[in-house]
Amino acid sequence: MRMGRVIGNVWATRKEDGLSGLKLLIVQPIDAHGNSIQSHMVAADRIGAGVGDEVLITSGGSSRFILPKENPIPIDAVIIGIIDSTEVKRGDIHESSDRND
Amino acid sequence: MRMGRVIGNVWATRKEDGLSGLKLLIVQPIDAHGNSIQSHMVAADRIGAGVGDEVLITSGGSSRFILPKENPIPIDAVIIGIIDSTEVKRGDIHESSDRND
Amino acid sequence: MRMGRVIGNVWATRKEDGLSGLKLLIVQPIDAHGNSIQSHMVAADRIGAGVGDEVLITSGGSSRFILPKENPIPIDAVIIGIIDSTEVKRGDIHESSDRND
Amino acid sequence: MRMGRVIGNVWATRKEDGLSGLKLLIVQPIDAHGNSIQSHMVAADRIGAGVGDEVLITSGGSSRFILPKENPIPIDAVIIGIIDSTEVKRGDIHESSDRND
Amino acid sequence: MRMGRVIGNVWATRKEDGLSGLKLLIVQPIDAHGNSIQSHMVAADRIGAGVGDEVLITSGGSSRFILPKENPIPIDAVIIGIIDSTEVKRGDIHESSDRND
């Protein structure tokens with residue numbers, strides 16, 4: 011999974027069947043220290059993430075398993091969690107942070 | 011998903027079975043501000059996107075689920091939506107834009 | 011899908027079952043203007059592509075669906091079409107080209 | 011698979027169903043000589059890896075097969091092994107190392 | 011598929027079920043001319059590749075189909091062939107090479 015920060019919304023009226031009602035968020039991927047890495051991506055969200063939240067994103071074929079496998083939908087990224095906190099070792103220093111308070 | 015701008019068409023007469031009649035568009039990936047990122051890609055389109063449109067693209071194995079799973083086809087990118095508008099937070103500024111008017 | 015130019019062949023006698031008889035071509039990925047991008051890759055071919063042809067390539071899990079899903083094989087790239095022509099918008103100019111004449 | 015070094019933990023209370031109880035570790039990808047490469051990633055762990063361990067990571071759709079295929083979950087990276095040792099040829103020199111003692 | 015050169019071995023005692031007995035090799039990806047590209051990766055091997063061999067590697071979800079689909083395992087890279095020879099067109103020159111003699 012990747013970490014990311016939700017930075018916006020995207021709307022599309024004309025779309026493939028099966029995507030109606032699915033919320034789509036624009037996400038800036040970040041590393042464990044909160045620095046921006048890579049390009050913006052768009053991820054589906056069913057757990058109520060909002061702009062400013064730090065989140066966990068699953069990419070690729072596994073992302074469609076937020077829905078029963080009998081109804082596969084053509085998405086390739088989904089927010090699977092809203093990050094509460096991280097703890098990262100940097101050399102000999104442990105750095106804890108609460109991410110979405 | 012990635013955002014992209016449709017920049018052209020590609021035609022192929024000799025192709026794998028199952029791809030007959032599938033429209034193929036050349037897409038320039040873009041970030042949330044409309045800047046070009048990464049290399050051109052080719053995506054299948056069933057929703058009527060055209061040159062100049064900003065679109066949402068699903069890549070990888072999930073893209074074949076625009077068709078019933080009983081008939082998998084060998085494609086790895088599909089246009090799943092035509093972007094109407096985006097709203098992106100930049101520092102403390104919110105930036106709204108209508109993309110395909 | 012990606013566009014590419016076939017630049018060579020690769021042969022392997024010792025290989026995984028299920029790959030016998032599958033033609034393997036070396037491909038240089040290209041952008042819509044024919045410029046080389048990214049590294050060489052190897053793709054399976056069943057439609058008769060040859061050195062010099064410009065082709066469409068499907069990567070990842072979808073590529074195995076050139077064969078019935080009852081017989082999945084461990085390949086991750088396949089040539090799905092031989093490009094006849096492209097039309098690309100560059101600023102306000104439309105650029106057409108016949109690719110494999 | 012990729013090699014990586016576990017550098018931290020990440021916690022998320024609000025998450026997709028099916029992910030409850032799954033331990034999530036932050037991993038720094040490394041090359042065969044232990045040098046950091048690429049960006050941080052987050053991987054699920056069921057085998058008891060801890061901060062400082064060097065591990066093997068499977069990415070993409072295959073990672074969900076740590077669980078029976080009847081219960082697919084939306085994850086895209088999993089720690090599949092804790093590295094004991096590696097042996098790498100560098101020019102004409104063989105370099106052995108015990109990684110997690 | 012990618013081409014690569016086997017440069018070493020990696021051992022892991024503690025690992026996910028289903029991976030017991032699977033040989034894991036460290037591979038340096040190469041282009042068609044034998045130049046190193048990208049970072050080291052780890053691939054499963056069932057066909058007897060060894061250090062120094064040039065090989066073909068399948069990545070992603072398809073790699074698990076070296077085993078029957080009833081028993082999916084969490085791997086994302088597998089050696090599917092040992093390269094005998096390649097023939098690459100460079101401008102107007104054809105370059106043949108025997109790779110593993």
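First to last, the protein sequences are chains A, B, C, D and E.
Residue numbers for the first sequence follow my numbering, beginning at 11 and rising by one.
Residue numbers for the second sequence follow my numbering, beginning at 11 and rising by one.
Residue numbers for the third sequence follow my numbering, beginning at 11 and rising by one.
Residue numbers for the fourth sequence follow my numbering, beginning at 11 and rising by one.
Residue numbers for the fifth sequence follow my numbering, beginning at 11 and rising by one.
By construction, the Cβ of each residue, glycine as well, lies at the ideal position given by its N, Cα and C atoms.
In this structure, the straight-line span from the alpha carbon of G31(E) to that of E80(C) is close to 26 Å. A residue is called buried when at least 16 other Cβ atoms come within 10 angstroms of its Cβ; T96(D) meets this threshold and is buried. Interface residue (Cβ-Cβ distance to chain B less than 8 Å): D63(A) is not classified as such. Beyond the five residues adjoining it in sequence on each side, R56(C) comes within less than 7 Å, by CB distance, of I76 in the same chain, given in chain order. In the DSSP secondary-structure assignment, P39(C) is bridged to G14(C). M13(C) and S107(C) have their C-alpha atoms spaced approximately 14 Å apart.
Note on the stretch 49 to 97 of chain E: whole beta strand (DSSP E) runs with a minimum of 3 residues are 51 to 55 and 64 to 69, in chain order. Within chain C, V20, A22, K25, L34 and V52 have C-beta atoms less than 8 Å from the C-beta of L66(E), given in sequence order. The beta carbon of S106(D) does not come within 8 Å of any beta carbon belonging to chain A, so the residue lies off that interface. Membership of S107(D) in the beta strand (DSSP E) is indicated by the continuous run I103 to D108. R100(E) is bridged by DSSP to I103(E). Each residue's CA atom was taken as its position, placing N110(A) and S73(A) some 23 Å apart. Beta-bridge annotation (DSSP): N19(C) is paired with L35(C) and E97(E).
By the neighbour-count definition (other C-beta atoms within 10 Å, threshold 16), I103(B) is an exposed residue. In this structure V98(B) does not touch V65(B) by the C-beta definition: roughly 17 Å separates them, more than the 8 Å allowed. Per DSSP, the beta bridge partners of S46(B) are I40(B). Close to I92(A), with beta-carbon spacing below 7 Å, are these residues of chain D in chain order: A22 and R24.
Take the alpha-carbon of V37(B) and the one of D94(D): they are about 45 Å apart. Leaving aside the five residues that flank G71(D) on each side, the residues in its chain whose CB is nearer than 8 Å to its CB run, in chain order, D86. Close CB contacts of V20(E) within its chain, under the 7 Å cut and outside five residues either way in sequence, are with L34, I36 and V52 (chain order). Under the 10 Å beta carbon count, H50(C) is surrounded by 16 or more other beta carbons and is classified as buried. Excluding sequence positions up to five before and after P39(B), its CB lies within less than 6 Å of the CB of R12, G14, I47 and Q48, all in the same chain and listed in chain order.
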